[in-house]
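Below: the structure, in structure tokens.
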Amino acid sequence: MLATRPAPDAAPAAASAPSAVPLDILRQVFGYPAFRGQQAAVIEQVCAGGDALVLMPTGGGKSLCYQVPAIARHRAGHGVTLVVSPLIALMHDQVGALEEAGVHAAFLNSTLEGEDARRIERELLGGRLVLLYAAPERILTPRFLAMLDSLHERGLLSLVAIDEAHCVSQWGHDFREEYLGLSQLHERYPTVPRIALTATADDHTRADIVERLALGEARQFVASFDRPNIRYQIVEKDEPRRQLLRFLRDEHEGDAGIVYCQSRKKVEETAAWLSDEGIPALPYHAGLDAEVRRRHQDRFLREEGIVMVATIAFGMGIDKPDVRFVAHLDLPKNIEGYYQETGRAGRDGAPADAWMAYGLVDVVNQRRMIDESPAGDEFKRLQRSKLDALLALAEAHDCRRVRLLAYFGEDSTACGNCDNCLSPPAVWDGTEAARKALSCIYRFRQHGGISFGAGHLIDVLRGKLTEKVSQHGHERLSTFGIGADLSEVQWRGVLRQLIALGHVRAEGEYNTLELSDSARAVLKGDVSVLLRVPAEAPPRRGKSSRGKSGARASGKDKPPPLPLDEPGLERFAALKAWRAEIAREHNLPAYVVFHDATLAEMARECPDSLDALAGISGVGAKKLEAYGREILRVLGH
Ligand code: ADP
Ligand code: ZN
Numbered sequence: 000m001l002a003t004r005p006a007p008d009a010a011p012a013a014a015s016a017p018s019a020v021p022l023d024i025l026r027q028v029f030g031y032p033a034f035r036g037q038q039a040a041v042i043e044q045v046c047a048g049g050d051a052l053v054l055m056p057t058g059g060g061k062s063l064c065y066q067v068p069a070i071a072r073h074r075a076g077h078g079v080t081l082v083v084s085p086l087i088a089l090m091h092d093q094v095g096a097l098e099e100a101g102v103h104a105a106f107l108n109s110t111l112e113g114e115d116a117r118r119i120e121r122e123l124l125g126g127r128l129v130l131l132y133a134a135p136e137r138i139l140t141p142r143f144l145a146m147l148d149s150l151h152e153r154g155l156l157s158l159v160a161i162d163e164a165h166c167v168s169q170w171g172h173d174f175r176e177e178y179l180g181l182s183q184l185h186e187r188y189p190t191v192p193r194i195a196l197t198a199t200a201d202d203h204t205r206a207d208i209v210e211r212l213a214l215g216e217a218r219q220f221v222a223s224f225d226r227p228n229i230r231y232q233i234v235e236k237d238e239p240r241r242q243l244l245r246f247l248r249d250e251h252e253g254d255a256g257i258v259y260c261q262s263r264k265k266v267e268e269t270a271a272w273l274s275d276e277g278i279p280a281l282p283y284h285a286g287l288d289a290e291v292r293r294r295h296q297d298r299f300l301r302e303e304g305i306v307m308v309a310t311i312a313f314g315m316g317i318d319k320p321d322v323r324f325v326a327h328l329d330l331p332k333n334i335e336g337y338y339q340e341t342g343r344a345g346r347d348g349a350p351a352d353a354w355m356a357y358g359l360v361d362v363v364n365q366r367r368m369i370d371e372s373p374a375g376d377e378f379k380r381l382q383r384s385k386l387d388a389l390l391a392l393a394e395a396h397d398c399r400r401v402r403l404l405a406y407f408g409e410d411s412t413a414c415g416n417c418d419n420c421l422s423p424p425a426v427w428d429g430t431e432a433a434r435k436a437l438s439c440i441y442r443f444r445q446h447g448g449i450s451f452g453a454g455h456l457i458d459v460l461r462g463k464l465t466e467k468v469s470q471h472g473h474e475r476l477s478t479f480g481i482g483a484d485l486s487e488v489q490w491r492g493v494l495r496q497l498i499a500l501g502h503v504r505a506e507g508e509y510n511t512l513e514l515s516d517s518a519r520a521v522l523k524g525d526v527s528v529l530l531r532v533p534a535e536a537p538p539r540r541g542k543s544s545r546g547k548s549g550a551r552a553s554g555k556d557k558p559p560p561l562p563l564d565e566p567g568l569e570r571f572a573a574l575k576a577w578r579a580e581i582a583r584e585h586n587l588p589a590y591v592v593f594h595d596a597t598l599a600e601m602a603r604e605c606p607d608s609l610d611a612l613a614g615i616s617g618v619g620a621k622k623l624e625a626y627g628r629e630i631l632r633v634l635g636h
């Protein structure tokens, strides 16, 4: 078996017969010293011709799980690996990254001219391609299947890799009808091994993948879903724009990141406003022209420090490693969505932030969207319970990560890298306040038979004699003024919690408040309500606490991921400038040429020979050959 043969000690294989041993391939082609997590086990399974289902979080290193077997099996004479991907817009960069590493790869999609497509088809049929990327709708055409048949007959269809495999499930929001047709491939080529990969963790999706792609026999590899380098922070929404701006200016000056909003309109307004504030922001949503979307995505990937303001239409498959933050200005629908979106930060393993502002309006809106949707009752019940889990996360006083991982079935202990761990919030017993609010809602109904919204309720509780109060005679209610001891902000916290917990519902056009059945237990004092003390100014982090060194100049000159002295910083800057030129020449994002971490290691170690340069993580044989001398020159040798 290919995978089980012991690897020779870090030795590059003889030039004449390239090694088909996975560890050799990792070292020679990708320049990495060791496999991570379950990569080695997955690769062994697939190289040996077995099927695999791989569940790993974003940034976990899924690509190598099929790329290394593709190379190994091609070297062993098994032919091409077909990579199924829904992301036409990203295929160019994915293939570019492989070609940079010296792996012969290509894609076939609608963006190619006829001439180019025919050339690639010749490479494919000649058995020269190692990997071919294509979208499912293309693969399932008669013409494409005929090519696969021809390869298969000659023993040159080596492996089928199905990326973003959760697209086969209707469960999430990424369902693609065309994925359902992929089961045909297995029927046609039952002996060809398959590997399906996804970053979606829940059991339901996994079961769908197994069933719909006929992967019952596949070995399943489920990695931990923890992303230790991501710091989770959920702040109470007060003035969201000001809060976001402070977060960006204080903690992410010059960084690339994503700001998620719920509606297209809000995306555009927020992007325009950030631009006015001098932050390079671009909008992205499904309502924009395809050409505009492509251009914005390209700029986000190729330029440094772009902030993408987007709906959830943006993000799947974005493999930019240095997204330093993901901010949510609106509440996502559930924890799956929150985790997937925040997971786009920090793929490179360096510190990154997941920041969300959350408030009463979010709770009310999300609950209403479910209530008013045309979906069936069972579906609504499910959506509600998923939303409840997310609200519990937002209202939590204890470790956010423990809760997130528990949701995905993983046990863990307090992480030390979320807002609640770093500065445990003060809590106050809001039970009495909650009872006052509930009884006031009850009195409204009793008094005039109508219900009111949060603003009016708070006025009555605080004893404010507004026009509306006197119009309805609410100053005569026994609950008028019983809550003068709390501020308006505190009352909003109480109501948000009551709605989040489901004791109160906001209904109709004016979000008027109604008691739920469960309110009775609170009124009777059987249930206590603990509330976070709203932070006046949310805890800030000094930049130095992130373990980065070097002064953080604003804008483009961000410090490298590793501590560097003054000459090291100069070398790093020179290497980046050189990389930018190469990236432009090759029409690829800079990180495809070399990651920041690789450049930083070069700048720190300052290798003075090709041999020494080969020892830097991320420098494979092809890149060494193509760029080695130039890098030595840039380093001053
Ligand atoms: P995923 O597809 O699971 O989100 P990727 O395959 O894009 O993750 O990998 C994330 C990053 O980690 C990439 O930049 C990749 O080069 C790097 N990486 C993956 N495996 C290794 C490894 N064994 N050693 C070093 N870096 C790795
Ligand atoms: Zn924590």
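The opening position of the sequence shown corresponds to residue 0 in numbering that gives the first Met the number 0, with each subsequent residue numbered one higher. Ideal Cβ positions, reconstructed from N, Cα and C, are used throughout, including at glycine.
Following the DSSP letters along the chain, one finds E114 inside the alpha helix (DSSP H) bounded by residues G113 to L124. At the C-beta level, N419 and D387 stay beyond 8 Å of one another. The DSSP-derived three-state label of H471 is coil. Relative to ligand 1, A33 has its C-beta within less than 7 Å of a heavy atom. H165 sits in a helix when the DSSP states are folded into three classes. M355 is bridged by DSSP to I233 and H327. Assigned with DSSP and collapsed to three states, Q261 falls in coil, not helix or strand. Looking only at A71, A75, G78 and A40, the smallest Cα-Cα distance to G60 is reached by A40.
Judged by DSSP in its simplified three-state form, E506 adopts strand. DSSP places F443 inside the alpha helix (DSSP H), whose first and last residues are T430 to G447.
Under the three-state reduction of DSSP, F246 is assigned to helix. Taken from the Cβ of G415, at least one heavy atom of ligand 2 lies inside 7 Å.
Secondary structure of E487 (DSSP, three-state): helix. Per DSSP, the continuous alpha helix (DSSP H) segment holding T341 begins and ends at I334 to T341. Judged by beta-carbon spacing, P192 lies within the 8 Å limit of L158, meaning their Cβ atoms are closer than that value. Cβ contact annotation for V266 (same chain, cutoff 8 Å, sequence separation greater than five): C260, P282, Y283, H284, V308, A309 and T310, in chain order. Within 7 Å of the C-beta of R226 there is not a single heavy atom belonging to ligand 2.
Just so you know, the alpha carbons of P56 and V322 end up roughly 15 Å apart. For N586, the closest of Q37, L89 and D288 by C-alpha to C-alpha distance is L89.
Non-local beta-carbon contacts of L392 in its own chain, meaning distances under 6 Å to residues more than five positions away in sequence, involve R402 in chain order.
Relative to T197, the option among F224, F220, F174 and H165 whose CA is nearest is H165. P320 has its alpha-carbon roughly 29 Å from the corresponding atom of D207. In this structure, T199 has its beta carbon at no less than 7 Å from each heavy atom of ligand 1. Within its own chain, the residues whose Cβ lies closer than 6 Å to the Cβ of A217, once the five positions on either side in sequence are excluded, are D50, A51 and L52, listed in chain order.
Closest option to P141, judged by alpha-carbon separation, among N333, L130, R118 and L184: L184.
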